[in-house]
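Heads up: the protein sequence lines correspond to chains A and B, in order.
Per my numbering, the first sequence starts with residue 523, numbered consecutively.
Per my numbering, the second sequence starts with residue 14, numbered consecutively.
Presented below is the structure to which this report refers.
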Amino acid sequence: DSGVTQTPKHLITATGQRVTLRCSPRSGDLSVYWYQQSLDQGLQFLIQYYNGEERAKGNILERFSAQQFPDLHSELNLSSLELGDSALYFCASSVGPLSSEKLFFGSGTQLSVL
Amino acid sequence: ILNVEQSPQSLHVQEGDSTNFTCSFPSSNFYALHWYRWETAKSPEALFVMTLNGDEKKKGRISATLNTKEGYSYLYIKGSQPEDSATYLCAFGAGGGSNYKLTFGKGTLLTVNP
Chain A
523 DSGVTQTPKH
533 LITATGQRVT
543 LRCSPRSGDL
553 SVYWYQQSLD
563 QGLQFLIQYY
573 NGEERAKGNI
583 LERFSAQQFP
593 DLHSELNLSS
603 LELGDSALYF
613 CASSVGPLSS
623 EKLFFGSGTQ
633 LSVL
Chain B
14 ILNVEQSPQS
24 LHVQEGDSTN
34 FTCSFPSSNF
44 YALHWYRWET
54 AKSPEALFVM
64 TLNGDEKKKG
74 RISATLNTKE
84 GYSYLYIKGS
94 QPEDSATYLC
104 AFGAGGGSNY
114 KLTFGKGTLL
124 TVNP
């Protein structure tokens, strides 16, 4: 158990809908990262927050947004969903903001858009 | 776009064999190199984080080396066991103003046959 909690584990929805994925980092970790894993791709970096502020942005679509709350949990909002958004979404956390910090991954949310 | 390449894509070995795989990354602007182990139906788990050229890390039968000047890292597994079967991911952290995010390779899938 990494200590990172992601909910829900599975989500099935329809095209055009909006969903929210939730992540609670390990106790003491201030950084939260979101990654997308789809069939032919590796882990694609979406966005990182550190202590409530956005730190780095990757290949995140404009239809997607995220935030980190004062209690350090994070939410990833996916809207106007398309079939191609079906993927495994991972949250990870680390103590600090830098890429030399070891990441601890949650168990992921499997999103299926039908 | 940062290119992180892992080879081979997949590997089948017999129990007891020693094996190694490669991660290639940009040789400029290096900040950190990570290795993760990802078992089926679980989440990625950190093995090593290396930051200095010539770094060598070891954890049990698994070790890793780093060459930042030529842009590669090797992961070695000595005396492979069936429980070593997993996907091994490397991730590159760039320096400078972008030293917040990790770019992952697509992984090497290792299968150890008993």
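Ideal Cβ placement from N, Cα and C applies to all residues, glycine included.
Residue i versus residue j: straight-line alpha-carbon distance, rounded
| i | j | result |
| --- | --- | --- |
| Ser659 (chain A) | Glu69 (chain B) | Shown here, chain A extends from 523 to 636; a query on residue 659 (chain A) therefore has no answer. |
| Pro39 (chain B) | Tyr85 (chain B) | 8 Å |
| Pro538 (chain A) | Lys114 (chain B) | The sequence given here has Gly at residue 538 (chain A), not Pro. Cα to Cα, the separation comes out at about 30 Å. |
| Tyr571 (chain A) | Glu83 (chain B) | 31 Å |
| Val526 (chain A) | Ser622 (chain A) | 19 Å |
| Thr64 (chain B) | Leu625 (chain A) | 15 Å |
| Gly606 (chain A) | Val635 (chain A) | 8 Å |
| Ser20 (chain B) | Glu52 (chain B) | 18 Å |
| Leu583 (chain A) | Gln566 (chain A) | 12 Å |
| Lys579 (chain A) | Cys545 (chain A) | 17 Å |
CA nearest to the CA of residue i, picked from the options
| i | options | result |
| --- | --- | --- |
| Val125 (chain B) | B:Glu83, B:Gly92, B:Ser41 and B:Trp48 | B:Gly92 |
| Phe105 (chain B) | B:Pro127, B:Lys55, B:Asn42 and B:Ser31 | B:Asn42 |
| Ala609 (chain A) | A:Ser596, A:Ser621 and A:Ile534 | A:Ile534 |
Test item: CB-CB of residue i and residue j under 8 Å
| i | j | result |
| --- | --- | --- |
| Asn33 (chain B) | Tyr101 (chain B) | no |
| Gly618 (chain A) | Leu552 (chain A) | yes |
| Leu600 (chain A) | Arg585 (chain A) | yes |
| Ser56 (chain B) | Gly550 (chain A) | no |
| Thr116 (chain B) | Val26 (chain B) | no |
| Leu543 (chain A) | Leu598 (chain A) | yes |
Near-chain B residues of the region 613-626 of chain A - C-beta to any C-beta below 9 Å: Ala614, Pro619, Leu620, Ser621, Ser622, Glu623, Lys624, Leu625 and Phe626
3-residue-minimum beta strand (DSSP E) runs that sit fully inside the region 34-110 of chain B, ordered along the chain: 43-51, 58-63, 69-72, 75-80, 85-90 and 99-107
Interface residues of the region 554-585 of chain A facing chain B [CB-CB below 7 Å]: Gly564, Leu565, Phe567, Gln570, Arg577, Ala578 and Gly580
The region 86-120 of chain B: positions lying closer than 9 Å to chain A by Cβ: Leu102, Ala104, Phe105, Gly106, Ala107, Gly108, Ser111, Asn112, Tyr113, Lys114, Leu115, Thr116, Phe117, Gly118, Lys119 and Gly120
Near-chain A residues of the region 53-87 of chain B (beta-carbon distance less than 8 Å), N- to C-terminal order: Lys55, Ser56, Pro57, Glu58, Ala59, Val62 and Thr64
Within 7 Å of chain B by C-beta, residues of the region 524-553 of chain A in sequence order: Ser524
Segments assigned beta strand (DSSP E), at least 3 residues, entirely inside the region 573-606 of chain A: 575-579, 586-590 and 596-600
Within 9 Å of chain B by C-beta, residues of the region 588-605 of chain A in sequence order: none
Whole runs of the beta strand (DSSP E) within the region 528-579 of chain A, excluding any shorter than 3 residues: 532-535, 541-546, 553-559, 565-572 and 575-579
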